[in-house]
Structure formats: structure tokens, C-alpha cells
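A short write-up of the structure that comes next.
Protein chains: 2
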Amino acid sequence: MAEILKNDWFYEYFTGNAKFGIKIKDHFIDTRSEFQKIDFYDSYEYGRFFTLDGFIMLTERDEFIYHEMLVHLPMAVNADAKNVLIIGGGDGGAVRELVRYPGVRHIDMVEIDRMVVDLCREYLPQTASKLGDPRVSLHFCDGIAFVREAQEKYDLILIDSTDPVGVGEGLFSQAFYEDCARLLAPGGVMVNQHESPYYEGDAVEMERAHKKLSSVFPVCRVYQFHMPTYASGHWLFGFASQDRDPLVFDAAAWNALGLHTDYYNTELHRGCFALPNYVLRRLGKAREK
Amino acid sequence: MAEILKNDWFYEYFTGNAKFGIKIKDHFIDTRSEFQKIDFYDSYEYGRFFTLDGFIMLTERDEFIYHEMLVHLPMAVNADAKNVLIIGGGDGGAVRELVRYPGVRHIDMVEIDRMVVDLCREYLPQTASKLGDPRVSLHFCDGIAFVREAQEKYDLILIDSTDPVGVGEGLFSQAFYEDCARLLAPGGVMVNQHESPYYEGDAVEMERAHKKLSSVFPVCRVYQFHMPTYASGHWLFGFASQDRDPLVFDAAAWNALGLHTDYYNTELHRGCFALPNYVLRRLGKAREK
Numbered sequence: 622m623a624e625i626l627k628n629d630w631f632y633e634y635f636t637g638n639a640k641f642g643i644k645i646k647d648h649f650i651d652t653r654s655e656f657q658k659i660d661f662y663d664s665y666e667y668g669r670f671f672t673l674d675g676f677i678m679l680t681e682r683d684e685f686i687y688h689e690m691l692v693h694l695p696m697a698v699n700a701d702a703k704n705v706l707i708i709g710g711g712d713g714g715a716v717r718e719l720v721r722y723p724g725v726r727h728i729d730m731v732e733i734d735r736m737v738v739d740l741c742r743e744y745l746p747q748t749a750s751k752l753g754d755p756r757v758s759l760h761f762c763d764g765i766a767f768v769r770e771a772q773e774k775y776d777l778i779l780i781d782s783t784d785p786v787g788v789g790e791g792l793f794s795q796a797f798y799e800d801c802a803r804l805l806a807p808g809g810v811m812v813n814q815h816e817s818p819y820y821e822g823d824a825v826e827m828e829r830a831h832k833k834l835s836s837v838f839p840v841c842r843v844y845q846f847h848m849p850t851y852a853s854g855h856w857l858f859g860f861a862s863q864d865r866d867p868l869v870f871d872a873a874a875w876n877a878l879g880l881h882t883d884y885y886n887t888e889l890h891r892g893c894f895a896l897p898n899y900v901l902r903r904l905g906k907a908r909e910k
Numbered sequence: 622m623a624e625i626l627k628n629d630w631f632y633e634y635f636t637g638n639a640k641f642g643i644k645i646k647d648h649f650i651d652t653r654s655e656f657q658k659i660d661f662y663d664s665y666e667y668g669r670f671f672t673l674d675g676f677i678m679l680t681e682r683d684e685f686i687y688h689e690m691l692v693h694l695p696m697a698v699n700a701d702a703k704n705v706l707i708i709g710g711g712d713g714g715a716v717r718e719l720v721r722y723p724g725v726r727h728i729d730m731v732e733i734d735r736m737v738v739d740l741c742r743e744y745l746p747q748t749a750s751k752l753g754d755p756r757v758s759l760h761f762c763d764g765i766a767f768v769r770e771a772q773e774k775y776d777l778i779l780i781d782s783t784d785p786v787g788v789g790e791g792l793f794s795q796a797f798y799e800d801c802a803r804l805l806a807p808g809g810v811m812v813n814q815h816e817s818p819y820y821e822g823d824a825v826e827m828e829r830a831h832k833k834l835s836s837v838f839p840v841c842r843v844y845q846f847h848m849p850t851y852a853s854g855h856w857l858f859g860f861a862s863q864d865r866d867p868l869v870f871d872a873a874a875w876n877a878l879g880l881h882t883d884y885y886n887t888e889l890h891r892g893c894f895a896l897p898n899y900v901l902r903r904l905g906k907a908r909e910k
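Those protein sequences? They're chains H and C, same order as listed.
Numbered per this note's numbering, the first sequence finishes at 910, counting up by one with no gaps.
Numbered per this note's numbering, the second sequence finishes at 910, counting up by one with no gaps.
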């Protein structure tokens, strides 16, 4: 939920009783696609940002954190990844980071909402500018149907989805995760948007996702990062695989690639899997349910 | 800065252009001490919380994160700590965690503002209830003068201060850090509130503190934690010492103490020193200045 108060503050409600406000310069897109409400804003603190159904998807100022942690961590583990599938990711940020790897040969990006991609291409070139890379195939269709019908194998699958409400809901289902598992090549890795441990509503979704993932993937880990414009600032990705331990990777090889990053590094790669006790306990209980 | 809008939302401004809102049940203390504005609230999402000069100091819901990271990490490194000095910490949360260690024999707590302690004792027993522990000596005086004049040696010094404005400003000065260094016993450790790397105003203070600490202490490290009600949710403590590496500690011994914690654990202890690149770069530049 969002509201514009006095026409100059955007609010995202983290819960009914906590909210985050951004002073806006301009609310320049206020529209609705076939799937969701879409709004684009310009702001003083975060540059441009956009929301889907009132929830902040990204801001120019802090999207680097999310996209670096989404892409570079699994790429450091599965360094030979050639064929990549992205579900969601309409802003193009995941693609932007992926195409920096010469070894990546092909990226299928499956985004249900073409309007998100079109608007990001026009108004958020910071994230969307690499969507035209010749290695990228855009598929404007339902990710659930795509993975159900796909036969190709992928070395890396990124679930860059919204929260599990509305259009994103099916991307948190057990059937969807099972299809993703079937599409993973040997040694393949899946990373998914895994919600947040702090506010109760988010934490319940974190538990649900972890329970389902744990029943599908033998390796199922969670890692954290500091994301200032997401609820509580404490956000998680899931790392799932048949056989890859996320902490077994060649840090020197990744560093030899010479990729400049502003958040990710190979020390932080190891550190980000060390979760607080209250998060570990909720994840543990989720697995037992 | 804070404002109550329509008498039901408390706002803390992270910057002039970003703010955090908490729906309040009650604003039951609205006063001013000799040193600062003091307000106590009750809220739906965070329980009771209090602010100094409009900035959230703690909420009942997430103070465990701050206090566990402030106390247990250095206690795991300097497990034999007997004599402890706390500068600030009027809410009692640091004392509450410290008195769980039987080996801690004496705690000098130096809080400039007696009214904060009195109000926390009355309205925040969750943090303040151990201030009466017989090992605790409360000193209601200026921490700067206290460390300048003190002759005793401490195994652990905790700088549990407000931000470096107003009453907290001198607790970020080079002279203050030099006095603390002089008071540290061999093998002693100092941990200080080290601001946040994200918003520019906070990050500048982080740099200043790190530059000063680095010029005083041979060992000067920074560790991070997720603090939902502080600006950006990304907060830091500094770890300073003449000779102790914070990553050289006996995890098994700490775990054998059997202390229940909701945030801190010995894996996270290692992980929390792995900082994002943008933070490392700012700290590195600060040291070179």
C-alpha cells in the first residue's frame, strides 16, 4: 500500500503500523498494466524509483545492492555458468550484472509484464540498458507456465520476483520450485527473492518459501544483505541446488575477473550466510513443519 | 528531528528527504532534561520506545540486536574481562547483557543524564532492570571528564552513545578516544557506536570516527548488524584494541557458556566483519585522510 500525502511524500507501509516515507520531486508515471499498478517517481534521496502495487521495487540509489547480491554470489559459485534463466527481473538489473561475464552465453528472461520492461527501458536506463544485449532473449509470458513447459537446462536460475501477493504469488509455489529444479543443469544453482525475517508478514512468507524449497532441493541456504529501501532493511535471498555448497567457491578466480562491485565481495560472500539466531530459529522451525 | 502528525504517527527523519514512521498508541513522556529533549512512546509495532532530541534510541522490539552485538562480540574475544566501563548506555541494555557473565566483577557506567536512567527504570524495565546489580556502579557525570581523570584499568570499554550531535558529540573526539586507550588493560577491547554507512550524514560521521580511532588504536575494525529502527537499517560498531584481533576468539568456549541470544552467535561474529565494498572504500579513504 502506498499513499501520497500532501502531494510530496510517498509512503510504503512496512506493516499497518510502520511506514517509510520518501520525499518526491515528481510522480511521472501513474498507470495500471494488465497485471498490476505501476508508478514511477523521482525523488531527492533515491533518484528515480518505481513501485508495483504500491511496493518499492527499486530505487536508483540502492538497487546495486540487490542486483549484485542476486547475481555475483551464485556466479562466483558456479563460475562456468553459460545458460541462465531469469524469472521476473523486468527492470533489467539482473541482466546488467550477468552480461558482465563473458562466459555467459545466453539469458532467457521471462517477465510477465511487458509494460514494466518498456517503462524501465524508457525511464530507468541505469538498470535496463543491457536488455538489448544479443545474448538476452526476452519472453513476455507467465514464468510459471514457462518453467512448466521448458525442456532446456540452465546453469543458473534467478527468481527476481515481487512479493508473494498478486502476480508474484505463483513464483513462491512448490510446483514452481519443482519445475525449476528439473530445469537445473548438473551443478546448477537457483537464487530466489526470499523476503525478510523481521516484520511478521514478511517472516511468514520467508518461512513458507524456505519450507517449500527445503522439500525440493538438497542444498537450501539463505543469505542476507542490507537493503535500505526494503522493509526493515534486512533482506534475504535463497540459494538452492542439488549439490553446490555456496561456501565452496574459488574466490581468487572471481577476483581475477576484475569486476568492479560496490556491495559484493568474496569476503562478504562468506559472511552473508551467517544469520542471526532469530532468523535461524524461524528457518529451522519452517523446515520441521 | 521528529514530528507527530495528526497525533498518531511519530516520524524520524533519516535525512531531510527520507523518514520512518511509527504509529503510536501513546506519547506518555514529553520532557526536557538539563541536556536534551526526552520523549517516551508506546507503539503498536515496536512496543515502547524512547527518543533523545527526536532520534530513536531504542524500541522494545529490536533493542536486543543492538545490545547483543555491543556486548557479546567483545566478550567472546576478551572472555576473561572482569572490569568494564560503559560510557552512555542509560537505558541499561548493555548492563543487562554484561551481568549475564559471572566473570564480570565490576561495571562502571557513566551516564551524563540521570533523567534518562530514571525514566528507563520506570518505563523500560526490559532494558533497565539489571541496573541495580551489585556489580554496577552508576556515575551520573560527563563521560569525557570521567575518562580524562580515571586511573583504573578496564578490560572492556563500551561507548554506547547517541549520535555525534549535542551531548554525544565529545564521545566521538580524538582526545576522548586517547583517554579510553590509556584506560584499557593489556588485551582490553573497546567497542563504540560507529554510525551507519548509508545516508551521507551518517557516513561522514562514520568516516570521522574511523579516522580518529585508526590514529589511536593499532587494531581498529568495524562490524555491521541489521537494526530495523535505525536509519537505513544498516548500523555499525567499531572494535578497537592495542592487540586483539576480533576474529581470534574461542567460539567453543563462548558457546559453552550457554547464553541464550536472539541475534548474536559465533558464526555471525565472523560474518559481521565482512563489509560491503562501498563501506570498505569509505573507511579506507577515511584512514588515508
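For glycine and all other residues, C-beta sits at the position ideal for the given N, C-alpha and C.
Model, not experiment: these values are computed from the prediction.
Could you check what DSSP says for H/Ile-708 in three-state terms: helix, strand or coil? Taking the first residue of the first sequence as position 1, residue 708 of chain H is located at position 87. Looking at H/Ile-708 - three-state DSSP - the assignment turns out to be strand.
Sequence ranges, alpha helix (DSSP H) only - wholly within the segment 782-828 of chain C, length at least 4: 795-804
From which residue to which residue does the beta strand (DSSP E) around H/Thr-748 run? The residue given as residue 748 of chain H occupies position 127 in the first sequence. H/Thr-748 -> not in any beta strand (DSSP E); alpha helix (DSSP H) instead, spanning 746-749.
Excluding the 5 residues preceding and the 5 following H/Arg-903 in the sequence, name in chain order all residues of the same chain whose CB lies nearer than 8 Å to its CB. Here residue 903 of chain H is taken as the residue at index 282 of the first sequence, counted from 1. The answer, listed in chain order, is Pro-818, Ala-824, Met-827, Glu-828.
Counting contacts by CB-CB distance shorter than 8 Å, is C/Asp-866 in contact with chain H? Position 245 of the second sequence holds residue 866 of chain C. Not closer than 8 Å to any Cβ of chain H, the Cβ of C/Asp-866 fails to qualify, so no.
Does H/Ala-895 come within less than 8 Å of chain C when only Cβ atoms are used? Counting from 1 along the first sequence, the entry for residue 895 of chain H is found at position 274. Answer yes: the Cβ-Cβ gap between H/Ala-895 and chain C drops below 8 Å somewhere.
Is there a Cβ of chain C sitting closer than 8 Å to that of H/Lys-644, yes or no? One-based indexing of the first sequence puts residue 644 of chain H at position 23. Chain C contact via Cβ: present.
Classify C/Phe-649: buried if its beta carbon has 16 or more other beta carbons within 10 angstroms, exposed otherwise. Translated into positions along the second sequence, residue 649 of chain C becomes position 28. By the neighbour-count rule (16 or more Cβ atoms within 10 Å), C/Phe-649 is not buried but exposed.
Return the chain-ordered list of same chain residues with a C-beta closer than 7 Å to the C-beta of C/Cys-762, the five sequence neighbours on each side being excluded. Along the second sequence, read from residue 1 onward, the residue named residue 762 of chain C stands at position 141. Cβ within range, chain order: Val-731, Ile-733.
Is there at least one Cβ from chain C nearer than 8 Å to H/Pro-849's Cβ? Position 228 of the first sequence, counted from the start, is the residue given in the question as residue 849 of chain H. Taking Cβ atoms only, chain C reaches closer than 8 Å to H/Pro-849, which makes this a yes.
With H, G and I counted as helix, E and B as strand and the rest as coil, what does DSSP make of C/Asp-663? Counting from one through the second sequence, the residue named residue 663 of chain C turns up at place 42. Residue state, collapsed to three classes: strand.
Since C/Gly-675 is in the beta strand (DSSP E), which residue starts that stretch and which ends it? Position 54 of the second sequence, counted from the start, is the residue given in the question as residue 675 of chain C. Looking at the DSSP string, C/Gly-675 is not in any beta strand (DSSP E), and its letter there is neither H nor E.
First through last residue of the alpha helix (DSSP H) which encompasses C/Leu-896: Taking the first residue of the second sequence as 1, we reach residue 896 of chain C at position 275. Per DSSP, C/Leu-896 belongs to no alpha helix (DSSP H) and is neither H nor E.
Excluding the five sequence neighbours on either side, which residues of its own chain have a C-beta within less than 6 Å of the C-beta of C/His-831, listed in chain order? Here residue 831 of chain C refers to the residue found at position 210 of the second sequence. Once the five neighbours on either side are set aside, the close Cβ partners of C/His-831 are Leu-904, Ala-907.
Backbone secondary structure at H/Glu-633 - three-state DSSP: As a working note, residue 633 of chain H is residue 12 in the first sequence. Reduced to three states, the DSSP call for H/Glu-633 is strand.
Tell me whether H/Val-869 is buried or exposed, calling it buried when 16 or more other Cβ atoms sit within 10 Å of its Cβ. Within the first sequence, numbered from 1, the residue matching residue 869 of chain H stands at position 248. So H/Val-869 ends up on the exposed side.
Straight-line CA distance for C/Asn-876 to C/Leu-745? Indexing the second sequence from 1 puts residue 876 of chain C at position 255. Indexing the second sequence from 1 puts residue 745 of chain C at position 124. Approximately 29 Å, taken between the alpha carbons.
Are H/Pro-916 and C/Tyr-884 close, meaning C-beta to C-beta below 8 Å? This structure gives no information on residue 916 of chain H, because the portion of chain H shown stretches from 622 to 910.
Closer than 9 Å at the beta carbon, the chain C residues around H/Arg-891: If you number the first sequence from 1, residue 891 of chain H lands on position 270. Neighbours of H/Arg-891 on chain C, chain order: Arg-891, Gly-892, Ala-895.
N- and C-terminal bounds of the alpha helix (DSSP H) containing H/Ile-733: Translated into the one-based positions of the first sequence, residue 733 of chain H becomes position 112. H/Ile-733 -> no alpha helix (DSSP H), and no H or E assigned at all.
Helix, strand or coil at H/Ala-874 [DSSP, three-state]: In the first sequence, counting from the first residue as 1, residue 874 of chain H sits at position 253. Looking at H/Ala-874 - three-state DSSP - the assignment turns out to be helix.
Mind pulling the chain H residues with CB within less than 8 Å of C/Arg-641? Walking along the second sequence from the start, residue 641 of chain C turns up at place 20. The residue you asked about is not Arg; residue 641 of chain C is Phe in the sequence shown. Ala-639, Lys-640, Phe-641, Gly-642, listed in chain order.
State the Cα-Cα distance for the pair H/Gly-791 and H/His-693, rounded to the nearest angstrom. Position 170 of the first sequence holds residue 791 of chain H. Position 72 of the first sequence holds residue 693 of chain H. C-alpha separation (whole angstroms): 26 Å.
Amino acids of chain H, ordered along the chain, whose beta-carbon sits closer than 7 Å to that of C/Glu-888: Counted from its first residue, the second sequence places residue 888 of chain C at position 267. Under the 7 Å cutoff, chain H gives Ala-895.
Output the distance between the C-alpha atoms of H/Arg-721 and H/Leu-880, rounded to the nearest integer angstrom. Position 100 of the first sequence, counted from the start, is the residue given in the question as residue 721 of chain H. Position 259 of the first sequence, counted from the start, is the residue given in the question as residue 880 of chain H. Their Cα atoms are separated by approximately 8 Å.
Roughly how many angstroms separate the alpha carbons of C/Phe-685 and H/His-760, rounded to a whole number? Numbered from 1 along the second sequence, position 64 holds the residue referred to as residue 685 of chain C. Numbered from 1 along the first sequence, position 139 holds the residue referred to as residue 760 of chain H. So the two alpha carbons sit approximately 46 Å from each other.
Best match in C/Asn-638, C/Gly-675, C/Ile-708, C/Arg-726 for proximity to C/Asp-651 [C-alpha to C-alpha]: By one-based count along the second sequence, residue 651 of chain C stands at place 30. Ranking C/Asn-638, C/Gly-675, C/Ile-708, C/Arg-726 by Cα distance to C/Asp-651 puts C/Gly-675 first.
Simplified DSSP state of C/Val-843, which is helix, strand or coil: Numbered from 1 along the second sequence, position 222 holds the residue referred to as residue 843 of chain C. In this structure, C/Val-843 counts as strand in the three-state DSSP scheme.
Is H/Gly-709 closer than 8 Å to H/Ile-765 when the C-beta atoms are compared? Numbered from 1 along the first sequence, position 144 holds the residue referred to as residue 765 of chain H. Numbered from 1 along the first sequence, position 88 holds the residue referred to as residue 709 of chain H. Cβ distance not < 8 Å, so H/Ile-765 and H/Gly-709 don't count as in contact.
H/Tyr-744: contacting residues in chain C (beta-carbon distance under 8 Å): Taking the first residue of the first sequence as position 1, residue 744 of chain H is located at position 123. Ordered by position in chain C, no residue passes the 8 Å Cβ test against H/Tyr-744, which lies about 20 Å from the chain.
H/Glu-633 classed as buried or exposed, judged by whether at least 16 other C-beta atoms fall within 10 angstroms: Counting from 1 along the first sequence, the entry for residue 633 of chain H is found at position 12. The residue is buried, with at least 16 neighbouring Cβ atoms inside 10 Å.
Between the segment 832-842 of chain H and the segment 806-813 of chain C, can you find at least three pairs of beta-carbon atoms closer than 8 Å? no
Mind checking if H/Gly-854 is an interface residue toward chain C, Cβ cutoff 8 Å exclusive? To locate residue 854 of chain H, count along the first sequence from 1; it is residue 233. Closer than 8 Å: yes.
Spell out the partners DSSP gives C/Arg-653 in its beta bridges. Taking the first residue of the second sequence as 1, we reach residue 653 of chain C at position 32. Answer is C/Lys-658, bridged to C/Arg-653.
Less than 6 Å between C-beta atoms, sequence neighbours within five positions excluded: which residues of the same chain meet that for C/Arg-769? Locating residue 769 of chain C in the second sequence gives position 148, counting from the first residue. Closer than 6 Å at the Cβ level, and outside the excluded window around C/Arg-769, lie Asp-800.
Which bits of chain C does H/Asp-883 rub up against, with CB to CB less than 9 Å? Locating residue 883 of chain H in the first sequence gives position 262, counting from the first residue. Going along chain C in sequence order, the residues near H/Asp-883 (Cβ under 9 Å) are Pro-897, Asn-898, Tyr-899, Arg-902.
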